[in-house]
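Sequence positions in the sequence shown follow my numbering and run 119 to 434. One structure is given below, encoded as structure tokens.
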Amino acid sequence: MKIGTEIDLAAQIIKNGGLVAFPTETVYGLGADAMNPLAVAKIFEVKQRPYFDPLIVHISNITDIEKLTEYKNPYINLISKKFWPGPLTIVVPKKESVPQIVTAGLNTIGIRMPDNHMALELIAKAQTPIAAPSANKFGYLSPTMPQHIIKQNLNIDYIIDGGKCKIGVESTVIRLLDDGFVILRNGAITEEMLLSVLPKSKIDVLSIKKQSPGHMPSHYSPNKPLYIVGNLPNNLDIKQCVYISYVKRNDIEGYKYVDYLSEKGNLLEAANRFFQLLHYYEETDAHAIVIEPVPEESLGKAIMERMRKAAYRFLL
Ligand code: TXA
Ligand code: MG
119 MKIGTEIDLA
129 AQIIKNGGLV
139 AFPTETVYGL
149 GADAMNPLAV
159 AKIFEVKQRP
169 YFDPLIVHIS
179 NITDIEKLTE
189 YKNPYINLIS
199 KKFWPGPLTI
209 VVPKKESVPQ
219 IVTAGLNTIG
229 IRMPDNHMAL
239 ELIAKAQTPI
249 AAPSANKFGY
259 LSPTMPQHII
269 KQNLNIDYII
279 DGGKCKIGVE
289 STVIRLLDDG
299 FVILRNGAIT
309 EEMLLSVLPK
319 SKIDVLSIKK
329 QSPGHMPSHY
339 SPNKPLYIVG
349 NLPNNLDIKQ
359 CVYISYVKRN
369 DIEGYKYVDY
379 LSEKGNLLEA
389 ANRFFQLLHY
399 YEETDAHAIV
409 IEPVPEESLG
419 KAIMERMRKA
429 AYRFLL
């Protein structure tokens with residue numbers, strides 16, 4: 119596995135059907151040529167990702183959208199002007215020529231233009247849209263720096279080193295319909311921001327979510343137990359645990375380690391440190407991670423969605 123900043127080489131690997139991990143503003147992606155089904159199959163294999171979970175396809179230019187969808191909707195123009203490049207994925211009906219494996223057999227496709235110059239250069243130089251999930255084994259923590267990928271020992275041809283991701287949680291995913299949007303996954307583009315450009319769809323949200331197989335209750339989880347404050351097991355030996363508060367506090371006693379998501383309660387900073395701290399403490403000798411919930415507003419919704427999924431498999 120090579121790591122570096124040679125984008126020409128990485129683009130060549132994509133063209134040849136290989137796998138490249140690359141930085142985006144949200145998390146690192148594990149990319150392959152979206153139009154090459156064999157290359158995309160390698161993503162599923164390396165990630166051990168179930169084939170029913172569709173991938174997001176990344177573009178570097180708004181006109182590339184025509185390679186992926188024929189759907190005409192005036193909101194696409196508005197949304198792309200306002201939020202792209204940026205942490206927003208739109209799910210729209212897919213063009214037939216996109217391989218089925220990319221969308222896990224669904225007739226819709228998730229598209230986004232990442233706000234990272236290395237990612238944009240890679241896509242432009244590879245001259246093809248790039249399918250990329252987060253560059254982690256299925257169900258585990260999303261990587262926000264190259265070390266998080268390296269430690270998983272995945273069979274990847276090249277990692278583009280772009281340092282730490284600016285945002286640190288995955289993009290907002292919306293389904294775009296004729297009458298507006300439905301949020302499928304919360305992220306840095308909040309509902310309020312979306313509402314400034316387009317209305318919410320009147321469609322039944324649950325019926326749409328059912329068609330969206332990637333949204334399982336358990337996901338993004340560390341390799342040791344994670345408990346949310348308010349839901350701790352009775353016999354937890356806190357002397358062996360780490361406590362992660364929302365804002366910095368100095369009244370936490372009895373824990374082996376104490377840390378915080380944001381010194382003064384800034385949700386952007388909290389989102390940025392969330393996966394980073396989970397990665398860090400899963401490497402320490404702490405037996406379990408105890409974390410405080412954050413306020414469930416704006417970016418806090420995205421953080422809480424991930425926190426609950428990460429803690430789900432350890433629920434009592
Ligand atoms: O920020 C991000 O979105 C990162 C970076 C690499 O771009 N990517 C990412 O990919 O988080 P992944 O595969 O870890 O999550 C993609 C999510 C999944 O929950 C998947 O189910 C949903 O997007 N998704 C993709 N295509 C979809 C579709 N056609 N319909 C419904 N949901 C879709
Ligand atoms: Mg993921």
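For each residue, glycine too, the CB sits at the ideal point set by N, CA and C. Here the structure is a predicted model, which is why all the values come from computation and not from measurement.
Using a Cβ-Cβ distance cut-off of 8 angstroms, the region 152 to 160 and the region 284 to 299 are not in contact, since fewer than three pairs of beta carbons, one from each stretch, lie closer than that value. Looking only at G418, F392, P413, I132, the smallest Cα-Cα distance to V145 is reached by F392. Annotation for I194 indicates a beta carbon at 7 angstroms or more from all heavy atoms of the ligand TXA. According to the DSSP secondary-structure assignment, C359 is paired through a beta bridge with A406.
Between L137 and I362, the C-beta spacing is not below 8 angstroms.
Taking the Cα of Q270 as reference, the smallest distance to any Cα among N341, L324, Q218 is reached at N341.
Here the C-alpha atom of Y375 lies approximately 22 angstroms from the C-alpha atom of I421.
Taken from the Cβ of H176, at least one heavy atom of the ligand TXA lies inside 7 angstroms. The ligand TXA never approaches G286 closely enough for any of its heavy atoms to be under 7 angstroms from the residue's Cβ. Judged by DSSP in its simplified three-state form, H266 adopts helix. Proximity of the region 169 to 181 to the region 309 to 321 falls short of the contact definition, fewer than three beta-carbon pairs being nearer than 8 angstroms.
The DSSP-derived three-state label of K120 is strand. Look at S319 here: in three-state DSSP terms it is coil, with no helix or strand label.
The way I'd put it, the region 203 to 223 doesn't touch the region 123 to 134; fewer than three beta-carbon pairs between them come closer than 8 angstroms. Taking C-beta separations shorter than 8 angstroms and ignoring five residues to either side along the sequence, the partners of G418 in its chain run L385, A388, V412, following chain order. DSSP places R230 in the uninterrupted beta strand (DSSP E) bounded by 226 to 230.
Checking the 7 angstroms criterion, the Cβ of R426 is out of range of every heavy atom belonging to the ligand TXA.
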